[in-house]
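Colleague: There's a structure below that I have some questions on.
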Amino acid sequence: MRPVSHVIISTGVSLAVYVWLHSISCAFFCLFAGVLIDVDHILDYFFCKKRIPFSYKELNDYCKFDVEGKISVIFHSYELVIVLWIVYTFFNSRVLLGIAIGATVHLLCDAFANPFKFKSYLLSYRHYHKYERKKFYVDGFFKDKK
Ligand SMILES: [Zn+2]
245 MRPVSHVIIS TGVSLAVYVW LHSISCAFFC LFAGVLIDVD HILDYFFCKK
295 RIPFSYKELN DYCKFDVEGK ISVIFHSYEL VIVLWIVYTF FNSRVLLGIA
345 IGATVHLLCD AFANPFKFKS YLLSYRHYHK YERKKFYVDG FFKDKK
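Residue numbers for the sequence shown follow the numbering used here, beginning at 245 and rising by one.
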């Protein structure tokens, strides 16, 4: 999913969170987490290319078209979201609640919008397949590209 879509969706969810809880910190961190989880794409780029991307286009092209490469996107994982919710239940912090909501919404949006198998958002699944990106696409993805 494109960053602008995450900004729009996370802004809407953050506003709803604010109306629900009247907590600026919860709403802010919901927006913060809902958008900035994509920072792990920059980390992947850095570890793959051994440099930072010089432009958004360069990073976007890498994310969309480098299908033969590896992808770890460590923040895009159901495991992380579950840990965030567990940590929130222990500390009952509005900041942690905002981060958990934002991360959950981000992950669900990506899971439904991107051409990856739903289970590919399990970090353990990606690790099992040695982070080889081509293993995570939905069936028929490459057939559609020919
Ligand atoms: Zn994402």
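Just so it is clear, CB atoms sit at the ideal spot from N, CA and C, and this is done for glycine as well. The structure presented is a predicted model; accordingly, all values stated were derived computationally and were not measured.
Excluding the 5 residues flanking V261 on each side, which residues of the same chain have their C-beta closer than 7 Å to its C-beta?
Modeller: Within the sequence shown, numbered from 1, the residue matching residue 261 stands at position 17. Closer than 7 Å at Cβ, skipping near neighbours: C270, A271, C274, G342, I345.
Colleague: My output table needs one value for K314: the three-state DSSP class, helix, strand or coil.
Modeller: As a working note, residue 314 is residue 70 in the sequence shown. In this structure, K314 counts as strand in the three-state DSSP scheme.
Colleague: Which partner residues does F360 have in the DSSP bridge list?
Modeller: Taking the first residue of the sequence shown as position 1, residue 360 is located at position 116. Looking at the DSSP assignment, F360 forms a beta bridge with Y381.
Colleague: Confirm, please, whether the CB-CB distance from K293 to Y375 is below 7 Å.
Modeller: The residue labelled residue 375 in the question sits at position 131 within the sequence shown. The residue labelled residue 293 in the question sits at position 49 within the sequence shown. No, the pair does not count as a contact, with Cβ atoms beyond the cut-off.
Colleague: Are V325 and A347 touching if we call contact CB-CB under 7 Å?
Modeller: Stepping through the sequence shown from its first residue, residue 325 is reached at position 81. Stepping through the sequence shown from its first residue, residue 347 is reached at position 103. A contact, by the Cβ cut-off of 7 Å.
Colleague: Alpha carbons only, please: which of L340, V251, R295 is nearest the one belonging to V327?
Modeller: Taking the sequence shown and counting its residues from 1, one reaches residue 327 at position 83. Of the candidates L340, V251, R295, the one whose C-alpha sits nearest the C-alpha of V327 is L340.
Colleague: Which parts of the segment 274-350 are runs of the alpha helix (DSSP H), unbroken and 4 residues or longer, counting only runs that do not cross its ends?
Modeller: Listed in chain order, they are 283-293, 300-309, 322-335.
Colleague: Measuring alpha carbon to alpha carbon, tell me which residue in H320, H285, K361 is nearest D305.
Modeller: Looking up residue 305 in the sequence shown gives position 61. Nearest option by C-alpha distance: H285.
Colleague: Between S299, I253, E302, which lies nearest to V279 when the distance is taken from Cα to Cα?
Modeller: By one-based count along the sequence shown, residue 279 stands at place 35. The candidate whose alpha carbon is nearest that of V279 is I253.
Colleague: Measuring only between beta-carbons, confirm whether Y306 sits less than 7 Å from chain D.
Modeller: The chain inventory of the structure shown lacks chain D, comprising one protein chain alone.
Colleague: Quick one, which of Y289, S368, K308 has its alpha-carbon nearest P359's?
Modeller: Numbered from its first residue, the sequence shown carries residue 359 at position 115. Among Y289, S368, K308, the Cα nearest to that of P359 is on K308.
Colleague: Tell me whether A277 is buried or exposed, calling it buried when 16 or more other Cβ atoms sit within 10 Å of its Cβ.
Modeller: As a working mapping, residue 277 is identified with position 33 in the sequence shown. Per the 10 Å Cβ criterion, buried.
Colleague: Is L367 closer than 7 Å to S321 when the C-beta atoms are compared?
Modeller: Position 77 of the sequence shown, counted from the start, is the residue given in the question as residue 321. Position 123 of the sequence shown, counted from the start, is the residue given in the question as residue 367. Yes, these two residues count as a Cβ contact at 7 Å.
Colleague: Sort V311, A357, H371, G256 by Cα distance to I318 and report the nearest one.
Modeller: Here residue 318 refers to the residue found at position 74 when the sequence shown is read from its first residue. Comparing Cα-Cα distances from I318 to each of V311, A357, H371, G256, the minimum goes to H371.
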